[in-house]
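These notes are about the structure you will find just below.
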């Protein structure tokens, strides 16, 4: 589908609902993976369960597929979002029309680079205050907070499933860029096992529960 000036949400909404899934990035369709991997689905389910247990009285917790409409030419389908109940004005019949309080993207082989680079930059540009990147293979959660002055994310914490210092160093070296590596090295021993948020106080999620039962997948 090609249109002078780029596609809009109106064009995007006309796509068949039983066909491939797309995101609309700068007026261009980007094909999503045909279906998430099993471990992707399990991590999403685990996270949503804990978010609901801890935060459902104060937040809406929504999962893909749901349209996040940032502009008429920027439409995404995040894996998980949290929206405070005082911000119901951004929830419409079309989807989410404004920045959620938290977005979670779970890495898949086909989307990892886009989640770490393009989406990270876009979500920051549109003022989404907190962004998590979850790596099911390495069992790592990277937590980014928005630096509003710089209009970009800063790595706040790296969470893993072990308290070993060697694991903390490993996650630090796997961070996205040099600045993230330095921040990742500051991950405190003993703190990385419970995911918390300075912006969403109700969130308290054991990292082991995020990756629960993944060892059963062959």
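Numbering (the UniProt record's numbering), first residue to last: 1 to 218. Backbone N, C-alpha and C fix where the C-beta goes; we use that ideal spot for every residue, glycine too.
- Per DSSP, the continuous alpha helix (DSSP H) segment holding residue 47 begins and ends at 38 to 55.
- For residue 214, no alpha helix (DSSP H) segment is defined, and its DSSP state is neither H nor E.
- Taking C-beta atoms as the reference points, residue 106 and residue 134 count as a pair closer than 8 Å.
- The DSSP-derived three-state label of residue 113 is helix.
- Remark: C-beta atoms of residue 207 and residue 141 approach each other more closely than 8 Å.
- Residue state for residue 130 is assigned as strand, using DSSP reduced to three classes.
- By the Cβ criterion, the segment 149 to 156 is in contact with the segment 119 to 129, since at least three pairs of Cβ atoms, one from each stretch, lie closer than 8 Å.
- When 83, 205, 27, 22 are compared, the shortest CA-CA separation from residue 7 is found for 27.
- Taking a cut-off of 8 Å on C-beta distances, the segment 195 to 204 touches the segment 47 to 57, as three or more cross pairs fall below it.
- Distances from the CA of residue 194 to each of 160, 79, 9, 72 were compared; the closest alpha carbon is that of 160.
- For residue 120, the three-state secondary structure derived from DSSP is helix.
- The straight-line gap separating the alpha-carbon atoms of residue 129 and residue 100 is approximately 8 Å.
- The residue from 58, 68, 49, 131 with its alpha-carbon nearest to that of residue 144 is 131.
- For residue 72, no alpha helix (DSSP H) segment is defined, and its DSSP state is neither H nor E.
- In this structure, DSSP gives residue 11 a helical state, which the three-state scheme calls helix.
- Distance check between residue 136 and each of 25, 217, 119, 199 places 217 closest, using alpha-carbon atoms only.
- A Cβ-Cβ separation of about 27 Å leaves residue 115 out of contact with residue 85 under the 8 Å criterion.
- Proximity to residue 10 across 61, 67, 45 peaks at 67, based on C-alpha coordinates.
- By the Cβ neighbour-count rule, residue 109 is exposed, with fewer than 16 other Cβ atoms within 10 Å of its own.
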